[in-house]
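Engineer: Numbering (our numbering), first residue to last: 5 to 816.
1) Please give the ranges of any beta strand (DSSP E) in the region 486-516, keeping only runs that are unbroken, at least 3 residues long and fully inside the region.
2) For residue 400, does the count of other Cβ atoms within 10 angstroms reach 16, so buried, or fall short, so exposed?
3) Flag residue 515 as yes if its beta-carbon sits less than 7 Å from any beta-carbon of chain D, otherwise no.
4) Just mark residue 811 as buried or exposed, buried being the case when its beta carbon has 16 or more other beta carbons within 10 Å.
5) Checking the sheet assignment: what are the DSSP bridge partners for residue 372?
6) Quick one: Cα of residue 338 to Cα of residue 634, how far?
7) What did DSSP end up calling residue 657 once you bin it into helix, strand or coil?
8) Taking its Cβ as the centre, do 16 or more other Cβ atoms sit within 10 Å of residue 707, making it buried, or is it exposed?
9) Any contact of the region 170-177 with the region 684-704, i.e. 3+ C-beta pairs under 8 Å?
10) Should the region 554-565 be called in touch with the region 592-599, which here means at least 3 C-beta pairs below 8 Å?
11) Under 8 Å: do the region 369-376 and the region 457-465 share three or more Cβ pairs, one atom per stretch?
12) By a C-beta neighbour count over all protein chains shown, 10 Å radius and 16 as the cutoff for buried, is residue 497 buried or exposed?
13) In this structure, does DSSP put residue 786 in helix, strand or coil?
14) Does the pairing of the region 624-644 with the region 53-71 give three or more beta-carbon distances under 8 Å?
15) Less than 7 Å separating the beta-carbons of residue 511 and residue 477?
16) Where does the unbroken alpha helix (DSSP H) through residue 693 begin, and where does it stop?
17) Classify residue 558 as helix, strand or coil using the three-state DSSP reduction.
18) With the cut-off set at 7 Å, would you say residue 442 and residue 344 are in Cβ contact?
19) Based on the DSSP output, what are the partners of residue 362 in its beta bridges?
20) Contact between the region 189-200 and the region 736-747: three or more CB pairs below 8 Å?
21) Give a yes or no on contact between the region 142-156 and the region 719-730, applying the rule of three or more CB pairs nearer than 8 Å.
22) With DSSP collapsed to three states, give me the class of residue 474.
23) Does the separation of the CB atoms of residue 94 and residue 778 fall below 7 Å?
24) Would you mind reading off the limits of the beta strand (DSSP E) that contains residue 526?
25) Taking Cβ positions, are residue 47 and residue 661 nearer each other than 7 Å?
26) Quick one: Cα of residue 49 to Cα of residue 624, how far?
27) Note down, in chain order, each residue of its chain lying with its Cβ closer than 6 Å to the Cβ of residue 712, except the 5 sequence neighbours on either side.
28) Whole angstroms is fine: what's the gap from residue 440's alpha carbon to residue 434's?
29) Write down the C-beta distance between residue 140 and residue 714 rounded to the nearest angstrom, noting that I regard them as a contact closer than 8 Å.
30) Quick one: grab the DSSP three-state call for residue 702.
31) Quick one: Cα of residue 161 to Cα of residue 767, how far?
32) Output needed for residue 643: all residues of its chain with C-beta closer than 6 Å, excluding positions within five of it in sequence on either side, in chain order.
33) Measure how close the beta-carbons of residue 411 and residue 357 come, nearest whole angstrom, since I'm counting them as under 8 Å.
34) Check this for me: beta carbons of residue 757 and residue 796, under 7 Å apart or not?
35) Straight-line CA distance for residue 363 to residue 601?
36) Check residue 460 in the structure and name its three-state DSSP category.
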């Protein structure tokens with residue numbers, strides 16, 4: 005349909021398929037330029053959103069696993085079941101993943117030819133070359149600079165990269181051959197078919213390089229060859245879960261050694277599971293698109309403290325020591341705790357004074373100030389004792405103080421009486437000084453002068469395995485005069501010293517007037533659900549005139565901690581909930597629409613102002629593309645097909661918008677294609693590759709995907725439409741004409757720049773000045789490399805544009 009625009013643009017616009025849908029010829033040119041520019045940019049966001057759905061489907065397809073039986077090494081007729089990937093990583097990256105990242109460019113080329121009655125267009129081929137230049141030069145440059153200072157990333161599968169790198173240049177050299185050197189400006193049917201067949205040839209060669217098939221060093225042994233199935237590394241479960249021993253241990257350490265809430269523990273565990281899962285380029289591309297569009301994030305929502313804790317754990321390891329360090333470093337400054345040394349004191353009425361000990365623990369390097377006061381019980385102030393209310397000051401490194409209270413001796417017989425002493429904070433706003441558990445102590449005024457009888461308070465104790473420390477109470481009765489002591493010794497029964505608890509022997513000392521003391525025994529929690537176990541602790545050798553009472557020994561029973569199991573199960577349940585939220589795709593249409601209509605996928609609390617803005621911009625696209633079937637249906641293939649169709653329709657719109665906009669601003673199709681269209685369709689790949697470069701240990705997921713995608717662009721993006729058009733014209737006994745024009749110059753410039761870029765990457769791998777790695781390295785060298793690569797892209801754009809406008813006359 006011809007465009008209703010200026011006459012000088014009508015010829016350029018005859019190839020549009022769907023636009024314009026309204027007659028805007030009466031608008032001013034400036035308004036129309038702004039309108040079409042905004043529409044083009046907005047359409048690019050739509051391409052990104054539908055690519056999210058498309059990539060989710062591809063991720064579902066390529067992540068499929070199977071259970072297979074593999075013979076154990078050195079064992080006859082002995083097999084083990086392991087999880088394996090159905091898709092080889094190299095094959096997945098060069099087929100579905102490459103198609104996912106290059107679908108807009110490929111479909112634009114196909115639609116342009118079909119819409120133009122099978123005549124070659126300029127927008128599609130130029131977009132493919134322009135996209136290749138942006139991918140290799142700009143994305144690689146950004147990835148080199150994006151690695152954190154002091155870090156490097158190298159390519160792990162160097163042979164596969166070599167295959168795709170060579171093809172990413174030779175595929176464009178092949179275009180020069182068929183357009184200039186052989187049947188100039190004509191693409192024969194066999195040339196088109198061969199161009200298309202180079203795609204499966206590339207996949208086969210790359211797979212052979214990946215598996216080292218045909219190499220003298222060996223390859224895959226027949227006993228291990230399971231076709232396209234990829235054995236999980238180390239024959240372990242491919243997808244980590246809460247049943248993974250390492251993950252279970254991580255949950256246990258979290259519950260024991262940190263003060264994170266159950267919900268925070270579940271988020272940390274979910275992040276750990278996600279970090280262990282193998283990821284490919286598709287995962288990062290979906291994450292990048294959702295980050296741009298204010299959609300559902302692939303990581304659980306966490307506050308800054310939790311993010312910092314996880315990042316530090318990732319650096320130092322997920323051990324109990326690391327967890328303790330994380331908690332202490334990420335939480336508040338260390339506190340000091342002030343409390344009474346004993347919960348009970350007793351004093352003779354004739355003693356006239358009682359000294360109450362106050363101790364502090366924790367951070368003793370800071371000063372501490374607390375209040376204390378006496379409180380009446382059966383003993384009354386000014387009748388049985390002198391009331392006291394004052395302030396107690398601890399200097400730095402001072403750990404104990406005594407408060408002296410005067411007792412009134414009235415020479416009258418009376419029963420034992422009690423009063424209390426209470427501690428409180430001096431400054432309620434002070435967060436570093438806290439009152440401990442024993443904030444109140446009881447003082448008994450008695451009428452005897454015996455050193456007392458020492459015994460256990462209870463004949464048995466039952467403690468949970470996760471308690472950490474069992475406190476067994478010793479009581480001093482029938483007198484508290486003088487300083488006395490008693491020794492204790494543990495004896496194993498079903499519980500074993502050193503394994504289930506830390507026992508041995510020790511001494512407990514009662515100072516004058518102290519009535520209650522404890523014996524603290526460490527309980528070891530191995531986090532294994534086992535039967536109840538017990539041990540005995542006995543008292544011996546009292547000193548200072550004290551004697552032992554009836555309860556000279558007590559039995560301690562360590563029980564299976566049901567509460568811990570309930571906590572563990574709750575954390576596991578919350579972890580699975582977080583993992584479900586982190587899935588790439590949805591399981592129902594209802595869930596898809598809820599995610600599409602909610603900013604940040606419903607996580608409003610953690611949504612930023614940019615998330616709200618981008619959600620508003622992309623809201624119509626999100627709702628439209630939520631109509632795609634959930635990617636979990638039919639193994640992802642149904643969503644794959646529907647999303648591909650939607651990308652095709654939207655790509656046709658993008659092509660029309662680009663054509664009209666370029667015409668209005670005076671840009672030729674070739675220049676519009678290598679700038680606006682190429683950048684618009686490749687920006688999601690830029691963000692995805694940058695994220696993959698930082699997150700992964702190797703550079704394969706970012707740089708390797710670029711070279712593979714550039715090869716696929718030619719083999720599918722030009723091979724497919726050229727096969728269709730060449731077959732059509734061959735059936736009519738005519739030839740398929742493709743005007744080489746400036747396309748070959750653009751291809752040559754790209755091929756030269758690509759060769760320089762790839763050679764420089766290999767040089768970086770060899771020289772220490774660049775860190776002996778493709779990405780990252782010393783700060784100056786990595787920024788030099790990144791700027792150099794991006795400069796090559798500008799050179800490509802400038803030279804191609806000058807040739808297109810015949811400012812630069814280049815004749816081949």
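Virtual Cβ for every residue (Gly too), placed ideally from N, Cα, C.
Structural biologist: In brief:
1) As far as the region 486-516 is concerned, its whole beta strand (DSSP E) runs of at least 3 residues are 488-496, 509-514.
2) Within the chain shown, the letter at position 396 stands for residue 400. It is exposed - the Cβ of residue 400 has fewer than 16 other Cβ atoms within 10 Å.
3) Among the protein chains of the structure shown there is no chain D, as only one such chain exists.
4) Here the question's residue 811 lines up with position 807 in the chain shown. Exposed, because fewer than 16 other Cβ atoms sit within 10 Å of the Cβ of residue 811.
5) For the purposes of this step, residue 372 is taken as the residue at position 368 of the chain shown. Beta bridge pairing from DSSP links residue 372 with 398.
6) If you number the chain shown from 1, residue 338 lands on position 334. If you number the chain shown from 1, residue 634 lands on position 630. Each residue's alpha carbon lies about 50 Å from the other.
7) Translated into the one-based positions of the chain shown, residue 657 becomes position 653. Correct three-state label for residue 657: helix.
8) Taking the chain shown and counting its residues from 1, one reaches residue 707 at position 703. By the neighbour-count criterion, in which 16 or more other beta carbons inside 10 Å mark a residue as buried, residue 707 falls on the buried side.
9) By the criterion of at least three beta-carbon pairs nearer than 8 Å, the region 170-177 is not in contact with the region 684-704.
10) Contact between the region 554-565 and the region 592-599 is absent, because fewer than three Cβ pairs lie under 8 Å.
11) These segments do not touch.
12) Counted from its first residue, the chain shown places residue 497 at position 493. Residue 497 should be labelled exposed.
13) Along the chain shown, one-based indexing puts residue 786 at 782. It is helical.
14) Result yes; three or more Cβ-Cβ pairs closer than 8 Å.
15) Looking up residue 511 in the chain shown gives position 507. Looking up residue 477 in the chain shown gives position 473. No. Outside cutoff.
16) Position 689 of the chain shown holds residue 693. Boundaries of the alpha helix (DSSP H) around residue 693: 682-699.
17) The count along the chain shown starts at 1 and reaches residue 558 at position 554. Three-state DSSP puts residue 558 in a strand.
18) Numbered from 1 along the chain shown, position 438 holds the residue referred to as residue 442. Numbered from 1 along the chain shown, position 340 holds the residue referred to as residue 344. With respect to residue 344, residue 442 sits close: the two C-beta atoms are nearer than 7 Å.
19) Counted from its first residue, the chain shown places residue 362 at position 358. Looking at the DSSP assignment, residue 362 forms a beta bridge with 344, 405.
20) Yes, the region 189-200 is in contact with the region 736-747.
21) Pairwise C-beta distances place the region 142-156 out of contact with the region 719-730, as fewer than three of them are shorter than 8 Å.
22) As a first step, residue 474 must be located in the chain shown, where it is residue number 470. Strand.
23) Mapped onto the chain shown, residue 94 falls at position 90. Mapped onto the chain shown, residue 778 falls at position 774. No. Outside cutoff.
24) Numbered from its first residue, the chain shown carries residue 526 at position 522. 520-527 is the extent of the beta strand (DSSP E) around residue 526.
25) Residue mapping note: residue 47 aligns to position 43 of the chain shown, counting from 1. Residue mapping note: residue 661 aligns to position 657 of the chain shown, counting from 1. Remark: C-beta atoms of residue 47 and residue 661 approach each other more closely than 7 Å.
26) In the chain shown, the residue the question calls residue 49 occupies position 45. In the chain shown, the residue the question calls residue 624 occupies position 620. Each residue's alpha carbon lies about 11 Å from the other.
27) Stepping through the chain shown from its first residue, residue 712 is reached at position 708. So the list reads 97, 98, 102, 168, once near-sequence residues are dropped.
28) Looking up residue 440 in the chain shown gives position 436. Looking up residue 434 in the chain shown gives position 430. If you take the alpha carbons of residue 440 and residue 434, they lie about 14 Å apart.
29) Here residue 140 corresponds to residue number 136 of the chain shown, with the count starting at 1. Here residue 714 corresponds to residue number 710 of the chain shown, with the count starting at 1. Confirmed, about 6 Å.
30) Indexing the chain shown from 1 puts residue 702 at position 698. Note: residue 702 maps to strand in three-state DSSP.
31) For the purposes of this step, residue 161 is taken as residue 157 along the chain shown, with counting starting at 1. For the purposes of this step, residue 767 is taken as residue 763 along the chain shown, with counting starting at 1. Residue 161 and residue 767 have their C-alpha atoms spaced approximately 17 Å apart.
32) In the chain shown, the residue the question calls residue 643 occupies position 639. Closer than 6 Å at the Cβ level, and outside the excluded window around residue 643, lie 61, 632, 633, 635.
33) By 1-based counting over the chain shown, the position of residue 411 is 407. By 1-based counting over the chain shown, the position of residue 357 is 353. Sure, about 6 Å apart at Cβ, within 8 Å.
34) As a working note, residue 757 is residue 753 in the chain shown. As a working note, residue 796 is residue 792 in the chain shown. The answer is yes: Cβ separation under 7 Å.
35) The count along the chain shown starts at 1 and reaches residue 363 at position 359. The count along the chain shown starts at 1 and reaches residue 601 at position 597. Rounded to the nearest angstrom, the two C-alpha atoms are 58 Å apart.
36) Along the chain shown, one-based indexing puts residue 460 at 456. Residue 460: strand per DSSP, three-state reduction.
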